Structures are given as C-alpha cells and as structure tokens.
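So the protein sequences, as listed, match chains A and B. Take 23 as the starting number for the first sequence in our numbering and just add one per residue. Take 6 as the starting number for the second sequence in our numbering and just add one per residue. What follows is a set of notes on a single structure, which appears directly below.
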Amino acid sequence: MNFDAASFDPMSFNPQAVRAEFPLLMLADPLLHYLDNAATPQIHRSAMEAMADHDMFQRANIMRGTHHLAEAATAAYEEARAQAARFLNAATPDEVVFTAGTTAALNLVAHSFGDTLRPGDEVMLSLAEHHSNLVPWQLLRQRRGIVLKFLPLTADGRIDLAALAGMLTPRCRLVALTHCSNVTGAITDVATVVAAARGVGARVLLDGAQQVQHGPVDVQALDIDFYAFSGHKCFGPNGIGVLWARGEILEAMPPFLVGGGMVGEVTPEGSTFARPPQRFEAGTPPIAEAVGLGTVLAWLSTLPWQAIRAHENELLRRLLAGLRQRSDIRILGPVDLEARQPVVSFDIAGLHPHDVCQVLDRHGVALRGGHHCAQPLIRHFGLDGANRASIAMYTTHADIDALLDGLDDVVAVLR
Amino acid sequence: MSEELYQQAIKDLARAGHGSGRLAAASASARLDNPLCGDRIALDVRLEHGKIVAIGHDTRGCLLCRAAASWLASEVPGVAPEQFAAAHRELLALLQGAATESSVRASLLPFSPAREHKSRHGCVLLPFEALQRALTEATAD
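In structure tokens form, the structure reads like this:
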C-alpha cells in the first residue's frame, strides 16, 4: 500500500478522519471509548490488508526457496525489515532483528548479550521498568552472577537520573531503561543516560514499547545501542516485534534460539551460524505479521506528528485537568505535559482499580486497572494497582469526557 | 435474583469485613495472589474437633474478593471442611452457569452476576481457594 505523505498537512490533523482507518473503531459499538492504548492500540487497516494480501497472493516460506512465491515472500519480508530500519533511522536493515515482540527482544538481549557478561559485571535498570525489562535480567543474574542495580525514582515516579553518575562503575556493561513509562507516561532523558553510560563504557538499551505509537524513533540521534518494540503497540499486528542493535554488537552476540534458518554448516559434530540478523531468527518467522508491521510503519512514517502531538496533548491536558478537579483522585506520575506521553495512571481513594474499570465499562469506557506489569513502580506509589487511561492519535474529546463523566457513577456504584 | 454486580449485599459484605485480621492461633494458613489483577490474601483457619471454628484473613483486593473473604468468615465457622467444600463447589457451579438458583445456598446468590464476567471469577474464588489450601495443609498434618 502506498501512502501519500503530501496529502497530510503537517500542521493539522483530523482524528475523526484517522478513526475511519481503524476498522474496529468504525464497526464497534458507537459508545465505545477506547482508552487502553498503552496495552494495545487498535490495528490500522493497512496492516490487516497487507497481511491478508500476503497470505492470499504470496504465501510461502522465506529464504532458500527458488520458486516465485518463495522469492516474493522473501522480498516482502525483507522489505518489511527495510521499512523498520527506516522507521528507526537504523544505519542498515541488517541491524533489525524480527522477534515475537518487545518481551522476546529483551529476552534475546538478556540471553545473548547477557552470555558475554562475567560474574560481577553490572546491569543498571530502574524501579520504573516493565517486568519484561526486569525479570530477564534477574534470571541472568542467577545464571551469570551479574549485579543488578536499580535507579531510584523521584516523587512523581520519574527515573531519578541525578543518581545515575554516582551509581555507575566501570563494571557496568549495560544501562537498560524504558524509553517511556507504561504507567506514568514519563519519557526518559536519553541524552543524560547515554552521556553517563559512555563515561564508563556501558551500552544503552531502551524499551520502546510505549514510545513507538507516538511516532518514529531515531536510534542514531539517540546514540543508543539497543532498541526494542512490538508491532501491536504501534497499530500493527500481534506476534511480531523488533530488536534493533548496532551492527558490531549483533555481530559479537552468540545465538539464543537455534534451529533452522540461522545456521551456516551443520554436521553431527557442530554448527556454524549465520550472520545477523538471520542468526537471531531461528525457525519460520511470522512472515505475514512482519509484512503487516512493515506496512503500518510505512504509514506511520507519513503522518504529521507535530499536529498529532498537539492533538494528543490537548486531550491529555483535558484529562489531567478533569482528574485534578476531584479531591478523591491522585494522579501517579507527572501532572504536566513536559517530557511525557499521554498515559495517565490514577488512584481513586478506597476504590480498587478492577471495580473502577468494571463500572466504567458500562459507560463504554475501556480502561485498564491493575499493576500494569510494573509492580516495583506501583509499590513506589504505595499501591497494589492503579487505573490507567492512555490516549492514541484517534482518541477524541468525547472519549475523555466519557471517562470523566463516568467517574461520578463509579463512586455512586461502589461506595 | 439481582443481576447487579455491585449489589448492596456484596457491598455490605465487603464493608463488614468479617474475619479481617490474622488469627493468633491458627491450625493452618495460606497465602495466595491473583497474578492477573494483583489481589492478595493471607488466610488463617482454626479447626477444633473436626470443624472450622474461626477464619481470619488479610485481604488486599477488589470489592468482590473482599466480599468473598468476608462471606467465608461469616458463613463457614461451625461447619466441617466437607461442608465448606460443598459450598466451594456450589460457587464454582454458580460462576460457570451450571447451577440453578435453587441448587445454591441463598447466601451465595449475590455473587451470581459475576458469572457474566469471566475476568472476575478469580476475584471471587481467591479466598475460597486460599481456605481450601489451608484446609489441605491442616488435614495433611
């Protein structure tokens, strides 16, 4: 599918028009107010169509096949890789490894790059991490005897980077942080992290799961070493994601999952392994999903992000103001618009998030309640769980108002 | 039978908090959590002469979970473990839509609307599963 970038005015954005490109939003109950975008935004029509077209007209396994369908499938898969490289401004598509998602990408790094670490080497995390950027490192600590360090948090839940310089040592091999918190929406100050990490020779990894639905990423400008994200977090398919890493780092990493497609020569005595990215893509990958992801990344790359940002911030301002009017609500995380994405978690005094979300569902408001796979961060706020509203480009004022209007009923029903 | 999930009987049970707090002299204890939602319960049971005589619990959970824990502490003391097991089966059948109104004790009926919300079954069942685990431990000793 071709997207005409010229058709977008960079200074204007019409959320109603873009909603029409999301089939579920058009077909669902008109009273649906979908505010669970941090968990999974809706899938864009282009991705659905690209996957269906691929499986209808060019389904075959990739690589090695010489028939025309295999060649077409391989070309489509590699074009998706090239598109992901363009979305990330990677130096070359060979730096893009397709994975099952962010979690799989982070596990890949923890196993493969992790296998190059020695006992006593340090990995720096923070207390704001999603479990996917925490548990793999805990298991690496068990396997390799590494040391995990956790950056503390500020009162409003941001990663306290003032503590970074004092915690880094020459034994630190990796600083692995979220690019954007899935609970507070806070964006990490990557430049500060990179400057400090370079000072001790440590690599920098960003968990980009929450960032990618808000626009393309420039890994070269960020000057980082690893970036991970999921297709389903950026209006694309489930079951596909990306690990980007600098070419020289991937070259030095041993394989993790092994099997077909990632080897050179195999004998009973042993095997040699393919170069990246194939070294890290054992078995038949989710080909149609990769094609769908490539298509949606192409679409995302054409959008007027400055105008989308303004739209999302307008809704975010409205949401924050509405929540702050209520004395029984406590917002977790930043309450301003600075350096954050439109993800807002909040607690209603005495009301459990699951009950809150259940009642809001009657108003058509799809919210998420729980620990959001970030238990250390939630505990930082003294809670077991929280309510989370997350805004996407297609969110409207009516969605925000439905949430705010529903809160009175929540209190009436539950108290 | 009301189909309101948060009907007054459920809210009253949760608010009453029967059995809140740990038992000083417990025959057995169990600690369970629901990884999907973060509900947690630490539950103690005291058995005397083959009967459950007291239940105490520290429950951090949603209204349904707290109501279920409160129901246990209110309704179960005085019965044998087998009778609790029967109530547990009735609740399961109720949530699975496999029970008729007349086949379930009346005090469990306020939990009936939760059957329409599969994601909430674990909330209601968590205290029952904790008590079952504690009883298994107690009878194994």
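Note that the Cβ used here is the ideal one computed from N, Cα and C, for glycine as well. None of the values given here were measured: they were computed from a predicted structure.
Give me the chain B residues within the contact set of Asp116 of chain A, using Cβ-Cβ distance strictly less than 8 Å, ordered along the chain. Taking the first residue of the first sequence as position 1, residue 116 of chain A is located at position 94. In chain order: nothing, as chain B lies at least about 38 Å away.
DSSP three-state assignment for Thr114 of chain A, whether helix, strand or coil: Within the first sequence, the letter at position 92 stands for residue 114 of chain A. Of the three classes helix, strand and coil, the one that applies to Thr114 of chain A here is coil, per DSSP.
Would Ala250 of chain A and Thr124 of chain A be called neighbours here (beta carbons separated by less than 8 Å)? Numbered from 1 along the first sequence, position 228 holds the residue referred to as residue 250 of chain A. Numbered from 1 along the first sequence, position 102 holds the residue referred to as residue 124 of chain A. In contact: Ala250 of chain A and Thr124 of chain A (Cβ atoms closer than 8 Å).
Interface partners of Leu436 of chain A on chain B, CB under 9 Å: Counting from one through the first sequence, the residue named residue 436 of chain A turns up at place 414. Residues of chain B passing the Cβ test: Tyr11, Lys16 and Leu68.
Quick one: Cα of His62 of chain B to Cα of Ala267 of chain A, how far? Here residue 62 of chain B is taken as the residue at index 57 of the second sequence, counted from 1. Here residue 267 of chain A is taken as the residue at index 245 of the first sequence, counted from 1. About 49 Å.
Mind checking who Phe248 of chain A pairs with in its DSSP beta bridge? Here residue 248 of chain A corresponds to residue number 226 of the first sequence, with the count starting at 1. Its beta-bridge partners are A:Leu227 and A:Ala267.
Kindly indicate which residue of B:His126, B:Gly55 and B:Gln13 has the alpha-carbon position closest to the one of Leu97 of chain B. What you label residue 97 of chain B is simply residue 92 of the second sequence in a count that begins at 1. The candidate whose alpha carbon is nearest that of Leu97 of chain B is B:His126.
Specify whether the segment 201 to 215 of chain A and the segment 369 to 387 of chain A touch according to this definition: at least 3 beta carbon pairs, one from each stretch, less than 8 Å apart. no
At which residues does the alpha helix (DSSP H) containing Leu382 of chain A begin and terminate? Residue numbering aside, residue 382 of chain A sits at position 360 when the first sequence is read from its first letter. Per DSSP, Leu382 of chain A belongs to the alpha helix (DSSP H) from Pro375 to Asp383.
Which of helix, strand or coil does DSSP assign to Asp358 of chain A? The sequence position of residue 358 of chain A within the first sequence is 336, counting from 1. Note: Asp358 of chain A maps to coil in three-state DSSP.
Alpha carbon of Ile440 of chain A to alpha carbon of Pro37 of chain A, nearest angstrom: It is not possible to answer for residue 440 of chain A, since the shown part of chain A is limited to 23 through 437.
Distance, Leu382 of chain A Cα to Val432 of chain A Cα: The residue given as residue 432 of chain A occupies position 410 in the first sequence. The residue given as residue 382 of chain A occupies position 360 in the first sequence. Rounded to the nearest angstrom, the two C-alpha atoms are 7 Å apart.
Give me the residue from A:Arg384, A:Ala231, A:Val280 and A:Ala243 with the minimum Cα distance to Tyr56 of chain A. Walking along the first sequence from the start, residue 56 of chain A turns up at place 34. Taking only the C-alpha atoms, the option nearest Tyr56 of chain A is A:Arg384.
Look at the Cβ atom of Ile181 of chain A, then the Cβ atom of Ala132 of chain A, and state whether they are nearer than 8 Å. In the first sequence, residue 181 of chain A corresponds to position 159, counting from 1. In the first sequence, residue 132 of chain A corresponds to position 110, counting from 1. For Ile181 of chain A and Ala132 of chain A, no; Cβs fall outside 8 Å.
Beta-carbon spacing of Glu100 of chain A, Ala107 of chain A below 8 Å: On the first sequence, position 78 is the one that residue 100 of chain A refers to. On the first sequence, position 85 is the one that residue 107 of chain A refers to. Cβ distance not < 8 Å, so Glu100 of chain A and Ala107 of chain A don't count as in contact.
Using a C-beta to C-beta distance shorter than 7 Å, which residues of chain A count as neighbours of Gly43 of chain B? Start at 1 with the first residue of the second sequence, and residue 43 of chain B comes out as number 38. The answer, in chain order, is Gly392, His393, Asp406 and Gly407.
Tell me, please, whether the segment 37 to 54 of chain B touches the segment 393 to 413 of chain A by the rule of three or more beta-carbon pairs shorter than 8 Å. yes
With 16 other CB atoms within 10 Å as the buried threshold, where does Gln101 of chain B fall? Here residue 101 of chain B refers to the residue found at position 96 when the second sequence is read from its first residue. Result: exposed.
Under three-state DSSP, which class holds Asp423 of chain A? For the purposes of this step, residue 423 of chain A is identified with residue 401 of the first sequence, where counting begins at 1. Helix.
Can you tell me whether Met48 of chain A is buried or exposed? The criterion is at least 16 other CB atoms within 10 Å of its CB, across all chains shown. Within the first sequence, numbered from 1, the residue matching residue 48 of chain A stands at position 26. Exposed: under 16 other Cβ atoms inside 10 Å.
Checking the sheet assignment: what are the DSSP bridge partners for Asn409 of chain A? For the purposes of this step, residue 409 of chain A is taken as the residue at position 387 of the first sequence. Its beta-bridge partners are A:Phe368 and A:Gly391.
By how many angstroms is the C-alpha of Trp76 of chain B removed from the C-alpha of Ala320 of chain A? For the purposes of this step, residue 320 of chain A is identified with residue 298 of the first sequence, where counting begins at 1. For the purposes of this step, residue 76 of chain B is identified with residue 71 of the second sequence, where counting begins at 1. About 55 Å.
In this structure, does DSSP put Ser112 of chain B in helix, strand or coil? As a first step, residue 112 of chain B must be located in the second sequence, where it is residue number 107. Ser112 of chain B falls in the helix class under three-state DSSP.
Smallest Cα separation from Leu162 of chain A: which of A:Leu173, A:His152 and A:Gly142? Residue mapping note: residue 162 of chain A aligns to position 140 of the first sequence, counting from 1. Nearest C-alpha to Leu162 of chain A: A:Gly142.
According to DSSP, what are the bridge partners of Glu144 of chain A? As a working mapping, residue 144 of chain A is identified with position 122 in the first sequence. Looking at the DSSP assignment, Glu144 of chain A forms a beta bridge with A:Val169 and A:Cys194.
Rounded to a whole number of angstroms, what is the C-alpha to C-alpha distance between Thr64 of chain B and Ile353 of chain A? The residue you call residue 64 of chain B lines up with position 59 of the second sequence. The residue you call residue 353 of chain A lines up with position 331 of the first sequence. The straight-line gap from Cα to Cα measures roughly 24 Å.
Can you check whether the CB of Asn129 of chain A is closer than 8 Å to the CB of Pro158 of chain A? Taking the first sequence and counting its residues from 1, one reaches residue 158 of chain A at position 136. Taking the first sequence and counting its residues from 1, one reaches residue 129 of chain A at position 107. Against a cut-off of 8 Å, the Cβ pair of Asn129 of chain A and Pro158 of chain A comes out as a contact.
Between which two residues does the beta strand (DSSP E) holding Ile60 of chain B run? Working through the second sequence from its first residue, we reach residue 60 of chain B at position 55. Taken as a continuous stretch (DSSP letters only), the beta strand (DSSP E) holding Ile60 of chain B covers Lys56 to Arg65.
Grouping DSSP H, G and I as helix and E and B as strand, with all else coil, what is Thr105 of chain B? Within the second sequence, the letter at position 100 stands for residue 105 of chain B. Of the three classes helix, strand and coil, the one that applies to Thr105 of chain B here is coil, per DSSP.
I'd like to check one pair, Val226 of chain A with Leu183 of chain A: are the Cβ atoms closer than 8 Å? Within the first sequence, numbered from 1, the residue matching residue 183 of chain A stands at position 161. Within the first sequence, numbered from 1, the residue matching residue 226 of chain A stands at position 204. Not closer than 8 Å, so no.
Cys256 of chain A vs Leu338 of chain A beta-carbon contact at 8 Å: Here residue 256 of chain A corresponds to residue number 234 of the first sequence, with the count starting at 1. Here residue 338 of chain A corresponds to residue number 316 of the first sequence, with the count starting at 1. Taking 8 Å as the Cβ cut-off, Cys256 of chain A and Leu338 of chain A do not qualify as a contacting pair.
Assess, as a yes-or-no matter, whether the segment 73 to 90 of chain B is touched by the segment 400 to 420 of chain A under the definition of 3 or more beta carbon pairs within less than 8 Å. no
Comparing the C-beta of Arg36 of chain B with each C-beta of chain A, is any distance below 8 Å? By 1-based counting over the second sequence, the position of residue 36 of chain B is 31. Taking Cβ atoms only, chain A never reaches closer than 8 Å to Arg36 of chain B, which makes this a no.
Alpha carbon to alpha carbon, what distance is there between Asp17 of chain B and Ala27 of chain A? Counted from its first residue, the first sequence places residue 27 of chain A at position 5. Counted from its first residue, the second sequence places residue 17 of chain B at position 12. Because Ala27 of chain A carries a pLDDT of 46, less than 50, the predicted location of this residue cannot be relied on, and the following value inherits that uncertainty. Going from the Cα of Ala27 of chain A to the Cα of Asp17 of chain B covers about 59 Å.
Starting from Phe109 of chain A, follow its DSSP beta bridges and name the residues at the other end. Within the first sequence, numbered from 1, the residue matching residue 109 of chain A stands at position 87. In DSSP, Phe109 of chain A forms no bridge with anything.
Contact residues within the segment 58 to 82 of chain B, judged by C-beta distance below 9 Å to chain A: Arg65, Gly66, Cys67, Leu68, Leu69, Cys70 and Arg71
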